[in-house]
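Here the protein sequences come in this chain order: A and B. Heads up, the first sequence is in the working numbering, so the first residue is 57 and it goes up one at a time. Heads up, the second sequence is in the working numbering, so the first residue is 57 and it goes up one at a time. Every residue, glycine too, gets a C-beta built ideally from N, C-alpha and C.
Protein chains: 2
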Amino acid sequence: MSLEQFGDRWSLLIIRDMMVRGYQTFKQFQESGEGISSNILSDRLRTLEAAGIVMPEPDENDARRVNYRLTQKGIDLAPVMLELLIWGAKYEATAAPCALIAQMENSREQVIAETQRRWRQRDLTPLIPRFDEVPQDIPTRSSERRNK
Amino acid sequence: MSLEQFGDRWSLLIIRDMMVRGYQTFKQFQESGEGISSNILSDRLRTLEAAGIVMPEPDENDARRVNYRLTQKGIDLAPVMLELLIWGAKYEATAAPCALIAQMENSREQVIAETQRRWRQRDLTPLIPRFDEVPQDIPTRSSERRNK
DNA sequence: AGTATTCACTTGCTGTTTGCAAGTAACTCT
DNA sequence: AGAGTTACTTGCAAACAGCAAGTGAATACT
């Protein structure tokens, strides 16, 4: 029933990019590598908005920009995403480093708490970076303070 | 990346029916209410097979029948399903009783263990019945013994 | 033994959805 | 003022989904 929502490959990818990488704008989604075309992206964002999963808010500095933000309902998908990520890592030979995934598996609570914290505080640092440099820990508020 | 797998509404539904309701045959999926047409169902089962998520095995009593079974990879989607179910219950006004869902949320480990047990032992009793009679507990091996 | 029915598909046709290329209107930056 | 950016829309071809009907093998009924 709720599956209807995710009955296409793009919606979940958009949500993942918002949740895990902190993407917010049309352009970011478009350039996120998987190659969604603009008409579909536009449509999906509208669908997700209608479903109450994302909300657009105009950027205060640049009036052309629209920042899409997850709603509570949207961020509550974090556990689903996390499990999917773990499953994917187990079976699909992911680009994300195994060590990181293993660690996430052992501290689901923490990962989700951190994801929600970022969302609440509009902290856009990606939880999982885009497959280049690899942090040894799941970053948390305290480990970030430590690293400064 | 692994999301590619679920880029349509039917695959997840099929997996759910196998995992949660113990469905196994073409006919059961077809009649499972959501109205998938036979050509699409056929195609999806083949796709899932190719992805290593389900495996067909001919029925030993009736040679017309093919029993589709989740693989290990398939059953490992249980945590994803569970979280999705919980999310759905929270936001989508589900037909499944709230009490049951609330209970599942508090004992995820147990629900998943039970799901896996059923799979291993080819126990086809549905974990969540089809929206008619409503058990008060998540059934487990011991509670089932109790109820006999 | 012969007909009917069940089961797991396949085929053909039609309509919707997707993907790509190009375009546009609003805005910003220089 | 002119070039560039951003979030879209439009038009068209190709892929996909959905329906009705059909196939072929296995079983059930008489």
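Take residue i as the anchor and find which of the options has the nearest alpha-carbon.
i	options	result
residue 154 of chain A	A/169, A/172, A/137, A/184	A/184
residue 33 of chain B	B/128, B/124, B/76, B/62	Any answer about residue 33 of chain B is impossible in this case: the structure gives chain B only from 57 up to 204.
residue 135 of chain B	B/89, B/72, B/60, B/63	B/72
residue 105 of chain A	A/70, A/156, A/90, A/178	A/70
residue 61 of chain B	B/120, B/149, B/156, B/110	B/110
Can you look up residue i in the DSSP assignment and give me helix, strand or coil?
i	result
residue 81 of chain B	coil
residue 112 of chain A	strand
residue 102 of chain B	helix
residue 125 of chain B	strand
residue 2 of chain B	A question about residue 2 of chain B goes unanswered here, because the residues of chain B that appear run from 57 up to 204.
residue 73 of chain B	helix
residue 90 of chain B	coil
residue 181 of chain B	coil
residue 58 of chain A	helix
residue 120 of chain A	coil
residue 133 of chain B	coil
residue 171 of chain A	helix
residue 148 of chain A	coil
residue 158 of chain A	helix
Look at the alpha carbon of residue i and the alpha carbon of residue j, and state the distance between them as a whole number of angstroms.
i	j	result
residue 122 of chain B	residue 87 of chain B	16 Å
residue 79 of chain A	residue 112 of chain A	13 Å
residue 92 of chain B	residue 66 of chain B	8 Å
residue 128 of chain A	residue 74 of chain A	13 Å
residue 143 of chain B	residue 165 of chain A	16 Å
residue 147 of chain A	residue 58 of chain B	9 Å
residue 82 of chain A	residue 63 of chain A	21 Å
residue 162 of chain A	residue 170 of chain A	14 Å
residue 107 of chain B	residue 179 of chain A	37 Å
residue 168 of chain A	residue 182 of chain A	13 Å
residue 90 of chain A	residue 84 of chain A	11 Å
residue 149 of chain B	residue 68 of chain A	21 Å
residue 120 of chain B	residue 95 of chain B	18 Å
residue 133 of chain B	residue 77 of chain A	23 Å
residue 160 of chain B	residue 156 of chain A	28 Å
residue 103 of chain A	residue 103 of chain B	27 Å
Determine the contact status of residue i and residue j, defining contact as a CB-CB distance below 8 Å.
i	j	result
residue 175 of chain A	residue 101 of chain A	no
residue 172 of chain B	residue 131 of chain B	yes
residue 152 of chain A	residue 145 of chain A	yes
Would you say the stretch 136–151 of chain B touches the stretch 116–124 of chain B, given that touching needs at least three Cβ pairs under 8 Å? no
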